[in-house]
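Q:
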Amino acid sequence: MAATLWIGTRKGAFTVRPDARRRSWKLSGPQFLGHIIHHIVQDPREPRVLMMAAKTGHLGPTVYRSSDRGRTWQEAGQPPAFRKAADGEPARAVQKVFWLTPGHASERGSWYAGSSPAGLFRSEDCGERWEPVAGFNDHPMRSKWVGFGTPDGELLHSVRIDSRDPKHLYLAISAGGVFESTDGGADWTPLNEGCAADFLPDPNAQFGHDPHCLAMHPRAPDRLYQQNHCGIYRLDRPARRWVRIGQAMPKNIGDVGFPIVLHPTDPDTAWVIPMDGQTVWPRTSIGGKPAVYRTNDGGRRWRRFDDGLPKSQAWLTVLRQAMCTDDRLPQLGLYFGTTGGEVWASVNSGEIWRCIARHLPEIYSVTHAI
Amino acid sequence: MSCTVHIPSPLRSYTAGALKVPADGTTLEEVLASLEGRFTGIRFRLVDEQSRIRPHIRFYVNAREAQELSAPVGTSDTVHVICALTGG
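Top line first, the protein sequences correspond to chains A and B. Residue numbers 582 to 951, in this note's numbering, belong to the letters of the first sequence in order. Residue numbers 1032 to 1119, in this note's numbering, belong to the letters of the second sequence in order.
1. Taking only the alpha-carbon atoms, compute the straight-line gap between T1058/B and F1090/B and give it to the nearest angstrom.
2. Can you find a C-beta in chain A that's less than 9 Å from the C-beta of R1069/B?
3. Can you check whether the C-beta of P994/B is within less than 9 Å of a C-beta belonging to chain A?
4. Report all residues from its chain with a CB closer than 6 Å to the CB of G931/A; omit the five preceding and five following residues, and keep chain order.
5. Could you check the C-alpha separation between M582/A and F595/A for me, to the nearest Å?
6. How long is the line joining the alpha carbons of H620/A and I1073/B, rounded to whole angstroms?
7. Helix, strand or coil for E1061/B? Go by DSSP, reduced to three states.
8. Within the continuous beta strand (DSSP E) that includes W587/A, where are the two ends?
9. Return no unless some Cβ of chain B is closer than 9 Å to the Cβ of P695/A.
10. Between the region 1080-1100 of chain B and chain A, which residues of the former have CB atoms less than 9 Å from a CB of the latter, in chain order?
11. Give me the Cβ distance between Y727/A and I754/A, rounded to the nearest whole Å; I'm assuming they're in contact under 8 Å.
12. Mind checking if R1076/B is an interface residue toward chain A, Cβ cutoff 9 Å exclusive?
13. Check G757/A in the structure and name its three-state DSSP category.
14. Residues of chain B with CB under 9 Å from K665/A, in chain order?
15. Between which residues of its own chain and R626/A is the CB-CB distance below 7 Å, once the five residues before and five after are set aside?
16. If you scan the region 802-856 of chain A from start to end, which runs of the alpha helix (DSSP H) of 4 or more residues do you find wholly inside it?
17. My output table needs one value for S696/A: the three-state DSSP class, helix, strand or coil.
18. Just to confirm the assignment, what range does the alpha helix (DSSP H) spanning W925/A have?
19. Is there at least one Cβ from chain B nearer than 9 Å to L737/A's Cβ?
20. If the criterion is Cβ atoms closer than 9 Å, does the pair G775/A and V837/A meet it?
21. Cβ of H793/A less than 9 Å from any chain B Cβ?
22. Using only the alpha-carbon positions, how far apart do P732/A and S697/A sit?
23. Nearest to N877/A by CA position, among P845/A, A895/A and P855/A, is which residue?
24. Tell me whether L910/A is buried or exposed, calling it buried when 16 or more other Cβ atoms sit within 10 Å of its Cβ.
25. Since P794/A contacts R901/A with CB under 8 Å, what's their CB separation in whole angstroms?
26. Are the beta-carbon atoms belonging to G879/A and I834/A less than 9 Å from one another?
27. Counting only the same chain and skipping the five closest in sequence on each side, list residues whose C-beta sits under 6 Å from that of H749/A.
28. On the three-state DSSP scale, how would you describe W769/A?
29. From the DSSP output, in three-state form, read off R909/A for me.
30. Assess, as a yes-or-no matter, whether the region 702-721 of chain A is touched by the region 770-786 of chain A under the definition of 3 or more beta carbon pairs within less than 8 Å.
31. List the residues of chain A that G1072/B touches, going by C-beta distances under 8 Å, in chain order.
32. Taking the C-alpha atoms as reference points, what is the distance between A820/A and M797/A?
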């Protein structure tokens, strides 16, 4: 089965498919033209299954499921929604489903969804019915954890599941921080020690941080990486203190960005796309010169790759879900999409890049499916 | 007896393209429940989990805007669902 890139955009879903050598690429779509598509994710346990987080400008949010690799889609019978508020409680309503994560390999049909406002939801029937995860959504500390938000509202994302234990979960909230559960989501604790939060009055705050993207290595689940609003970090559990590996980035580049993606087999290899986080946070390529940075030693050193990318006057923004790898070793594929509607690909671990699609709507997510 | 609900284009994927459909009920809430019974999922696109009409949705019963789901709907009334487009 040929690989497929699924592109979620502000105006619909698209696919880009390569030939066998990944030399030419064919853009198809749109599907759901006009819908706001935040995330499209394949189920690794059941590769025919895809899940899509969608809404439109005026209608409420929902989730669509496909069981035929995206040829046809069915809407969830019960989309993610908060429980009915009791008298005197804040009456929360899901504004958008922002993130989708397939459940543990041992729990077929299970999925997690993250929303804005920050909420965690779980489906046990392959996305037909979604239930709120009360352990997080009703946690007595929730209102304090998520009190900061972003200009786009609170965002719950990066739900990660320990491949050794379905009850060991991580999630991230912008802004709020990284949180861990060891009991299947019944209780959660902040996991932000060592992370900077220079926008908070307390430099040692336990929560309130802004993790832009949290990644867990699939084969080494004790190895976590984080691209944060305030730097790039690594954490090797059971330690609880994040190490700012972004300090090794060139000083004139810094270590701010949205996505961080990991090599599928090597826990020491990761890629980031630095962006401008100075002054009013333009969030664009630094100096108008896009580049991807790669570490092969867990963040001790970083190397710049910009071959094939524009050399000047290219003010790209790459959002947190808009970068991914495939696992076609040794010629690993790496892909990212921009808010300007371009999709860029590298078939040699990020060393040389080419644009494989352009003129798309604002890209929110780029994911790889087989 | 039933009222008639005019379906805007963003919701016609639920009604197999129908521009207007009959629905039962004496209140807007009951009319939406009637629609949900036939077109699963349509209510949640219009009304959130706290039973609030979504910000860019408006309901009119005949020529009157219905701002609450308890608004009465009479036999042979016409209910318009308006999607207020915003943004680019």
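Quick reminder that beta carbons are idealized off the backbone N, C-alpha and C, glycines included.
A: Short version:
1. The sequence position of residue 1058/B within the second sequence is 27, counting from 1. The sequence position of residue 1090/B within the second sequence is 59, counting from 1. C-alpha separation (whole angstroms): 12 Å.
2. Residue numbering aside, residue 1069/B sits at position 38 when the second sequence is read from its first letter. By this cut-off, R1069/B is not an interface position.
3. Any answer about residue 994/B is impossible in this case: the structure gives chain B only from 1032 up to 1119.
4. For the purposes of this step, residue 931/A is identified with residue 350 of the first sequence, where counting begins at 1. Excluding sequence neighbours, G931/A sits near W852, V873, R875, F886 and L915.
5. Sequence index remark: in the first sequence, residue 582/A carries index 1 (1-based). Sequence index remark: in the first sequence, residue 595/A carries index 14 (1-based). Only weak support is given to the placement of M582/A: the predicted model assigns it a pLDDT of 49, under 50, and the question is left unresolved by the model.
6. Here residue 620/A refers to the residue found at position 39 when the first sequence is read from its first residue. Here residue 1073/B refers to the residue found at position 42 when the second sequence is read from its first residue. Distance between the alpha carbons of H620/A and I1073/B is about 22 Å.
7. By one-based count along the second sequence, residue 1061/B stands at place 30. It is helical.
8. Residue 587/A sits at position 6 when you count from the first residue of the first sequence. Run containing W587/A: T585 to T590, per the beta strand (DSSP E) assignment.
9. Within the first sequence, residue 695/A is the residue found at index 114, counting from 1. The sequence given here places Gly at residue 695/A; Pro does not occur at that position. Chain B, which has no Cβ nearer than 9 Å to the Cβ of G695/A, makes this no.
10. E1080, Q1081, S1082, R1083, R1085, P1086, H1087 and I1088
11. By 1-based counting over the first sequence, the position of residue 727/A is 146. By 1-based counting over the first sequence, the position of residue 754/A is 173. The displayed chain sequence assigns Val, not Tyr, to residue 727/A. Going by Cβ atoms, the distance from V727/A to I754/A rounds to 6 Å, so yes, they are a contact pair.
12. Position 45 of the second sequence, counted from the first residue, corresponds to residue 1076/B. For R1076/B, the answer is yes, since a Cβ of chain A falls inside 9 Å of its Cβ.
13. By 1-based counting over the first sequence, the position of residue 757/A is 176. If DSSP states are grouped into helix, strand and coil, G757/A belongs with the strands.
14. Mapped onto the first sequence, residue 665/A falls at position 84. Those are E1080, Q1081 and S1082, listed as they occur along chain B.
15. Along the first sequence, read from residue 1 onward, the residue named residue 626/A stands at position 45. Around R626/A: P683, A686 and R689.
16. The region 802-856 of chain A contains no whole alpha helix (DSSP H) run of 4 or more residues.
17. On the first sequence, residue 696/A is found 115 positions in, with the first residue counted as 1. The answer is strand: DSSP assigns S696/A an E or B state.
18. For the purposes of this step, residue 925/A is taken as residue 344 along the first sequence, with counting starting at 1. Element bounds for W925/A: not the alpha helix (DSSP H) but the beta strand (DSSP E), V924 to S927.
19. Sequence index remark: in the first sequence, residue 737/A carries index 156 (1-based). Answer no: the Cβ-Cβ gap between L737/A and chain B never drops below 9 Å.
20. Your numbering for residue 775/A matches position 194 in the first sequence. Your numbering for residue 837/A matches position 256 in the first sequence. No; because the gap between Cβ atoms is not below 9 Å, this pair is not in contact.
21. For this step, residue 793/A is matched to residue 212 along the first sequence. It does not; no Cβ of chain B falls within 9 Å.
22. Here residue 732/A corresponds to residue number 151 of the first sequence, with the count starting at 1. Here residue 697/A corresponds to residue number 116 of the first sequence, with the count starting at 1. Straight-line measurement puts the Cα of S697/A at about 12 Å from the Cα of P732/A.
23. Translated into the one-based positions of the first sequence, residue 877/A becomes position 296. Of the candidates P845/A, A895/A and P855/A, the one whose C-alpha sits nearest the C-alpha of N877/A is P845/A.
24. To locate residue 910/A, count along the first sequence from 1; it is residue 329. Flag for L910/A reads exposed.
25. Working through the first sequence from its first residue, we reach residue 794/A at position 213. Working through the first sequence from its first residue, we reach residue 901/A at position 320. In the sequence under discussion, the amino acid at residue 794/A is Cys, which differs from the Pro named in the question. Sure, about 4 Å apart at Cβ, within 8 Å.
26. Taking the first residue of the first sequence as 1, we reach residue 879/A at position 298. Taking the first residue of the first sequence as 1, we reach residue 834/A at position 253. No, the Cβ-Cβ distance between G879/A and I834/A is not below 9 Å.
27. Position 168 of the first sequence, counted from the start, is the residue given in the question as residue 749/A. Same-chain partners within the cutoff: D743 and T763.
28. Counting from 1 along the first sequence, the entry for residue 769/A is found at position 188. Of the three classes helix, strand and coil, the one that applies to W769/A here is coil, per DSSP.
29. Reading the first sequence from its first residue, position 328 is the one you call residue 909/A. The answer is coil: DSSP assigns R909/A none of H, G, I, E or B.
30. no
31. Walking along the second sequence from the start, residue 1072/B turns up at place 41. Going along chain A in sequence order, the residues near G1072/B (Cβ under 8 Å) are T643, E656, A657, G658 and P660.
32. Locating residue 820/A in the first sequence gives position 239, counting from the first residue. Locating residue 797/A in the first sequence gives position 216, counting from the first residue. When rounded, the distance between both Cα atoms is 14 Å.
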